[in-house]
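Enquirer:
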Amino acid sequence: MTITFAREEIQQTIKMIHEENLDIRTITMGISLLDCVAEDINSLERKIYDKVTKKASHLVTVGEQISSRYGIPIINKRVSVTPIAIAAAHLSSEGMVRIAKALDRAAKTLGINFIGGFSALVQKGFTEGDLALIDAIPQALSETNFVCSSVNIGTTKAGINMDAVKRMGEVILNCAQKTSAQDGIGAAKLVVFCNAPEDNPFMAGAFHGVGEPDCVINVGVSGPGVVAKVVKEFPDADFGELSNLIKQTAFKITRMGELIGRAASKALQVPFGIVDLSLAPTPAIGDSVAEILENMGLERCGTHGTTAALAMLNDAVKKGGAMASSHVGGLSGAFIPVSEDAGMVKAVEVGALDLDKLEAMTCVCSVGLDMIAVPGDVSSETISAIIADEAAIGMINKKTTAVRIIPAIGKKAGERVEFGGLLGGAPVMNVHPFSSKTFINRGGRIPAPITSLSN
Numbered sequence: 000m001t002i003t004f005a006r007e008e009i010q011q012t013i014k015m016i017h018e019e020n021l022d023i024r025t026i027t028m029g030i031s032l033l034d035c036v037a038e039d040i041n042s043l044e045r046k047i048y049d050k051v052t053k054k055a056s057h058l059v060t061v062g063e064q065i066s067s068r069y070g071i072p073i074i075n076k077r078v079s080v081t082p083i084a085i086a087a088a089h090l091s092s093e094g095m096v097r098i099a100k101a102l103d104r105a106a107k108t109l110g111i112n113f114i115g116g117f118s119a120l121v122q123k124g125f126t127e128g129d130l131a132l133i134d135a136i137p138q139a140l141s142e143t144n145f146v147c148s149s150v151n152i153g154t155t156k157a158g159i160n161m162d163a164v165k166r167m168g169e170v171i172l173n174c175a176q177k178t179s180a181q182d183g184i185g186a187a188k189l190v191v192f193c194n195a196p197e198d199n200p201f202m203a204g205a206f207h208g209v210g211e212p213d214c215v216i217n218v219g220v221s222g223p224g225v226v227a228k229v230v231k232e233f234p235d236a237d238f239g240e241l242s243n244l245i246k247q248t249a250f251k252i253t254r255m256g257e258l259i260g261r262a263a264s265k266a267l268q269v270p271f272g273i274v275d276l277s278l279a280p281t282p283a284i285g286d287s288v289a290e291i292l293e294n295m296g297l298e299r300c301g302t303h304g305t306t307a308a309l310a311m312l313n314d315a316v317k318k319g320g321a322m323a324s325s326h327v328g329g330l331s332g333a334f335i336p337v338s339e340d341a342g343m344v345k346a347v348e349v350g351a352l353d354l355d356k357l358e359a360m361t362c363v364c365s366v367g368l369d370m371i372a373v374p375g376d377v378s379s380e381t382i383s384a385i386i387a388d389e390a391a392i393g394m395i396n397k398k399t400t401a402v403r404i405i406p407a408i409g410k411k412a413g414e415r416v417e418f419g420g421l422l423g424g425a426p427v428m429n430v431h432p433f434s435s436k437t438f439i440n441r442g443g444r445i446p447a448p449i450t451s452l453s454n
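Taking numbering that gives the first Met the number 0, the leading residue of the sequence shown gets 0, the next gets one more, and so forth.
1) Would you tell me roughly how many angstroms separate the C-alpha atoms of L357 and L452, rounded to the nearest one?
2) Name the DSSP beta bridge partners of M394, please?
3) Would you mind stating whether V269 and H326 have Cβ atoms separated by less than 8 Å?
4) Provide the residue span of the beta strand (DSSP E) that contains L245, from first to last.
5) Enumerate in chain order the residues of its own chain whose CB-to-CB distance from E38 is below 8 Å, with the five nearest sequence positions on each side excluded.
6) Using three-state DSSP, classify V363 as helix, strand or coil.
7) Can you look up P280 in the DSSP assignment and give me helix, strand or coil?
8) Which stretch, first to last residue, makes up the alpha helix (DSSP H) that contains K76?
9) Report back the beta-carbon spacing between I404 and L368 to the nearest angstrom; my notes put them in contact at under 8 Å.
10) Assuming the contact rule is C-beta atoms closer than 8 Å, L109 and L58 should be a hit. Round their C-beta distance to whole Å, please.
11) Is any heavy atom in the ligand MG found nearer than 7 Å to the beta carbon of V51?
12) Please confirm if I405 has its CB atom under 8 Å from at least one CB of chain B.
13) How about A84 and S31: are their beta carbons less than 8 Å apart?
14) Can M161 and G443 be called in contact, C-beta distance under 8 Å?
15) Spatial neighbours of V366 within its chain, please: C-beta separation below 7 Å, excluding the five flanking residues on both sides.
16) Give me the Cβ distance between F145 and D213, rounded to the nearest whole Å; I'm assuming they're in contact under 8 Å.
17) Would DSSP call E63 helix, strand or coil?
18) Would a C-beta distance cut-off of 8 Å place I74 and R24 closer than the cut-off?
19) Hey, is the region 183 to 197 in contact with the region 424 to 431, meaning 3+ C-beta pairs nearer than 8 Å?
20) G62 and A263: beta carbons closer than 8 Å?
21) According to DSSP, is S42 helix, strand or coil?
22) Residue range of the alpha helix (DSSP H) that M161 falls in?
23) What does the alpha-carbon distance come out to for the pair L33 and A289?
24) In the DSSP output, which residue or residues are listed as bridge partners for S118?
25) Considering only C-alpha positions, which residue in the set P280, G208 and I395 is nearest to G219?
26) Can F192 and N217 be called in contact, C-beta distance under 8 Å?
27) Where DSSP assigns a beta bridge to F192, which residues make up the other side?
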């Protein structure tokens, strides 16, 4: 498939790159580990390391070559693998930690940013492998540098596994405690999902689904700064006009993403999968989703009207992306990770944005409660209840929701955590003081909604 660009479109894209922080956020190679299964753990470790390092041996080099050729920044090169709870289902939690360390060695060898897939899918219940992996997560994330983990605890079709929700609250708190010297960075590498997509290129939630090919290239595009600039340039546009302007911008961004994805696919000789058009902010000034919403006319992100503004933004981004490519997938929409968005951080600091408002915003955006620091004395049951609320939003609305929450051990609301790089830093946010313990301890499974009966 040949993609052609008009001269004006090329000039506009160059301006977006140089003046408005447009980039390819990630090219992520998905790799199946199903053919690596071996009863002996030494053999399994070796097979996984060998396959990942062989398949992705040229990923970083090709990414750099394509970036240089087209003049488009490619920020991250990453790998996702088959959920380890499936590929290593027979192992104990100690064995799972060994596999995590094998993945970490592979990532270091390749020179990639992260490797995702230390994951389990437990929406309807646990296998022995699921339980072993979940038990291993705190140690695995505290003893590796590049490994990311995710657990899917619910779907619209299956309902919500509340036993898994309870356990993940405990795991998140344990991850933060084990990495408290780094402000709980272990918890920042762990996502709890409802309706997790199998082709997501973004970390920490990426894994290579069992329905995917043996190897595939997925691309994550970002461009909050570009959209913010467009919105600011048309202060008098009504919402219909503004939606069209955002759609046109998303169309151009997605075309660039598909161009890079297909170039990487050809160079690496693996199939092209999807373009994930997600407005993923960074801590850099001018690269903020909150700024887009404020440019629409909100004095500060989080005030009344924020959810409506975000809904319009998310819808316009999806429509523009879908017109540009037949292979839009992953999450595709607007992300609202607090620590990674300078505008969100400012909104929290001035009291405009709290956890309840963020939860409301997740009803209409791409993912969920993301990169939120909470007081270190938070109970595991409170974390579990936050997960349950987000999962319910995803289950009922047939969308992906997720929780990436970081208990800041030894810190209280108003203090700050710092992760550095794209993860940024953020103020610690208040949680409700009232207990959810009895609710969480009920256990069992919240049934799927009536809307799940769609056949």
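Where is the CB? At the ideal position from N, CA and C, for every residue including glycine. Computed from a prediction, not measured in an experiment: that's the story for all the values here.
Expert: The relevant details are as follows:
1) As a working mapping, residue 357 is identified with position 358 in the sequence shown. As a working mapping, residue 452 is identified with position 453 in the sequence shown. C-alpha separation (whole angstroms): 30 Å.
2) For the purposes of this step, residue 394 is taken as residue 395 along the sequence shown, with counting starting at 1. Answer is none; M394 lacks a bridge partner.
3) Your numbering for residue 269 matches position 270 in the sequence shown. Your numbering for residue 326 matches position 327 in the sequence shown. No; because the gap between Cβ atoms is not below 8 Å, this pair is not in contact.
4) As a first step, residue 245 is located in the sequence shown; it is residue number 246 there, counting from the start. The displayed chain sequence assigns Ile, not Leu, to residue 245. Segment F238 to L267 is the alpha helix (DSSP H) holding I245; no beta strand (DSSP E) there.
5) Taking the sequence shown and counting its residues from 1, one reaches residue 38 at position 39. If we look at E38 and ignore the five residues flanking it on each side, its Cβ neighbours are H89.
6) The residue labelled residue 363 in the question sits at position 364 within the sequence shown. Three-state DSSP puts V363 in coil, outside helix and strand.
7) Sequence index remark: in the sequence shown, residue 280 carries index 281 (1-based). In the structure shown, P280 sits in coil (DSSP, three-state: anything other than H, G, I, E or B).
8) Looking up residue 76 in the sequence shown gives position 77. No alpha helix (DSSP H) contains K76, which is instead part of the beta strand (DSSP E) from I73 to V80.
9) By one-based count along the sequence shown, residue 404 stands at place 405. By one-based count along the sequence shown, residue 368 stands at place 369. By a beta-carbon distance limit of 8 Å, I404 contacts L368. Their separation comes to about 6 Å.
10) In the sequence shown, the residue the question calls residue 109 occupies position 110. In the sequence shown, the residue the question calls residue 58 occupies position 59. The Cβ separation is near 6 Å, so the contact holds.
11) You won't find the ligand MG in this model; it holds no ligand whatsoever.
12) Protein chain content of the structure displayed is limited to a single chain, and chain B is not contained in it.
13) Along the sequence shown, one-based indexing puts residue 84 at 85. Along the sequence shown, one-based indexing puts residue 31 at 32. In this structure, S31 does not lie closer than 8 Å to A84 by Cβ.
14) To locate residue 161, count along the sequence shown from 1; it is residue 162. To locate residue 443, count along the sequence shown from 1; it is residue 444. Result yes, Cβ atoms of M161 and G443 sit closer than 8 Å.
15) Counting from 1 along the sequence shown, the entry for residue 366 is found at position 367. So the qualifying residues of the chain are L330, F334, T399, T400 and A401.
16) To locate residue 145, count along the sequence shown from 1; it is residue 146. To locate residue 213, count along the sequence shown from 1; it is residue 214. At roughly 22 Å, the Cβ-Cβ gap does not stay under 8 Å, so F145 and D213 are not in contact.
17) Position 64 of the sequence shown, counting from 1, holds the residue named residue 63. Three-state DSSP puts E63 in a helix.
18) As a first step, residue 74 must be located in the sequence shown, where it is residue number 75. As a first step, residue 24 must be located in the sequence shown, where it is residue number 25. It is a contact, given that the beta carbons lie within the stated cut-off.
19) no
20) Indexing the sequence shown from 1 puts residue 62 at position 63. Indexing the sequence shown from 1 puts residue 263 at position 264. Cβ atoms of G62 and A263: closer than 8 Å.
21) By 1-based counting over the sequence shown, the position of residue 42 is 43. Helix at S42.
22) In the sequence shown, residue 161 corresponds to position 162, counting from 1. Per DSSP, M161 belongs to the alpha helix (DSSP H) from M161 to K177.
23) Within the sequence shown, numbered from 1, the residue matching residue 33 stands at position 34. Within the sequence shown, numbered from 1, the residue matching residue 289 stands at position 290. One C-alpha to the other measures close to 41 Å.
24) Locating residue 118 in the sequence shown gives position 119, counting from the first residue. S149, per the DSSP bridge assignment.
25) The residue given as residue 219 occupies position 220 in the sequence shown. Checking every option, the nearest Cα to that of G219 belongs to P280.
26) Counted from its first residue, the sequence shown places residue 192 at position 193. Counted from its first residue, the sequence shown places residue 217 at position 218. Contact flag unset, no.
27) The residue given as residue 192 occupies position 193 in the sequence shown. Paired residue(s): N151 and A401.
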